[in-house]
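For the sequence shown, my numbering gives the first residue as 1, with consecutive numbering after it.
Virtual Cβ for every residue (Gly too), placed ideally from N, Cα, C.
Let me begin by presenting the structure, written as structure tokens, before commenting on it.
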Amino acid sequence: MSFPSSDAFSTPFTTATASAVLDAHGWDERWEAEFAPYADQGLVPGRVLRVDRGQCDLITATGTVRADTAFVTPHDPLRVICTGDWAAVETSGNPRYVKACLPRRTAIVRSTSSQRSEGQILAANVDHAVIAVSLAVEVDLGRIERFLALAWESGALPLVVLTKADLVPDPVVLAHLVQDVEATAPGVTVLTVSSHNGEGLDVLRAVTAGGTTVLLGVSGAGKSTLANALLGEDVMDVHATRDVDGKGRHTTTTRNLLLLPGGGVLIDTPGLRGVGLWDAATGVGQVFSEIEDHAGHCRFQDCAHEAEPGCAVLAAVESGELSERRLDSYRKLLRENQRIVAKTDARLRAEIRRDWKMKSAEGRANHAAKRGRA
Ligand SMILES: Nc1nc2c(ncn2[C@@H]2O[C@H](COP(=O)(O)OP(=O)(O)OP(=O)(O)O)[C@@H](O)[C@H]2O)c(=O)[nH]1
Ligand SMILES: [Mg+2]
Ligand SMILES: [Zn+2]
């Protein structure tokens, strides 16, 4: 990886270019308002580009700086500083310290293992969550549903991007694959792209041009190749994977926030081996929205859709409208989620939700209001 390691505070700058740098990275009036108390303390705002063993790189108005994260690495893993966070940095000392993190608007959280209830933040303040799925291997619909649940739950808008489309030259086969994925992802845009021949990149560029986009997916899905294609230069390392099972070695090891040339910010992440859900009941409901719609027509309000009379979900399976695979998958993810929720401290969950759920609701309202005015 090649990142500039400039010592930004030695270079002169103008206020106009300074604010342009922050703006390009997603700084807005709401962040500025939240930051006001820290500004009063003489701290400067910065967005976390990557976190690395007790330190992190941040982009500030004057460029990239490295700072110690000792103050923002609490016991609770969900509060640990992560890529995409906006932070308050003390730039005067040596070493420099990140003193605080601003409350997150959205956060991608997974549980680190299905056995424990520990959550892990993958990226913060994300607007679009791209789920990268390789067409070089058999498409695993269950895994897409799992990633989608995680994405919906985060407050970001999910998007499925089928990568390596150049490896499926038959348009009929490709159309079928897209159809299958679309049926698995109601309300979600499904794109096909090829970083090798450029197919579909324009559409993705248009999506990523606004706000922050995170690339999620298993190792070898082609995330970093896609990042490089969008960046127009090879910033991220890419290595051949064993495409048969997608389990090649993990090439990307840290989460990196990158500025796109056409506007927007991209976060490339290391491939995930397991995608455990962490308190994602809402997300699961959104992934399987058509099942929840059917459930609204069941005779009994507390229908478990097992064998109850007048069950509209089972009727939909019977008529072929709903696949058994999908119903099974829904049940499995709900059960898994319930297991995790049962193990997690309810107060902690409520607290964490309050942090970003409110913010994302506010953000959406503002966004809608702005669009309404335009
Ligand atoms: N044919 C084809 N191969 C691709 C394409 N995009 C990526 N690849 C190949 O897929 C392999 C893995 O690509 P990466 O971009 O490193 O995958 P990744 O998702 O970043 O993997 P991790 O960093 O391990 O999570 C490399 O051999 C790439 O050359 C594509 O559009 N077409
Ligand atoms: Mg990678
Ligand atoms: Zn039912």
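Across which residues does DSSP place tyrosine 38 in a beta bridge pair? For tyrosine 38, which the question treats as bridged, DSSP gives no partner whatsoever.
Does the contact criterion of 3 or more C-beta pairs under 8 angstroms hold for the region 253-266 versus the region 206-214? yes
Give the range of the alpha helix (DSSP H) segment to which isoleucine 340 is assigned. 324-343
DSSP beta-bridge partners of histidine 128: Leu157, Thr213
Alpha carbon to alpha carbon, what distance is there between valine 139 and valine 160? 12 angstroms
Cβ distance (whole Å) where cysteine 101 is taken to contact valine 72 below 8 angstroms: 5 angstroms
Could you tell me whether the Cβ of alanine 123 comes closer than 8 angstroms to any Cβ of chain C? Looking at the structure shown, chain C is missing, and only one protein chain is on hand.
Pull up the distance between the alpha-carbon of proline 158 and that of alanine 240, whole angstroms please. 27 angstroms
Using 10 angstroms around the beta-carbon of lysine 343, count the other beta-carbons present and answer buried if the total reaches 16, otherwise exposed. exposed
Reduced DSSP secondary structure (H/G/I, E/B, other) of proline 77: helix
Count the other CB atoms, across all protein chains shown, that sit within 10 Å of the CB of glycine 296; report buried if there are 16 or more and exposed otherwise. exposed
Beta carbon of isoleucine 267 nearer than 8 angstroms to that of leucine 215: yes
If you drop the 5 nearest sequence neighbours on each side, which residues of the same chain put their C-beta closer than 6 angstroms to that of arginine 66? Gln55, Asp57
Please determine whether the Cβ atom of glutamate 308 lies at a distance below 7 angstroms from any heavy atom of ligand 3. yes
Look up valine 51 in the DSSP assignment and give the residues it is bridged to. Cys56
Between which residues of its own chain and histidine 250 is the CB-CB distance below 6 angstroms, once the five residues before and five after are set aside? Ser219, Pro270, Gly271
What I want to know is whether the C-beta of lysine 223 ends up closer than 7 angstroms to one or more non-hydrogen atoms of ligand 2. yes
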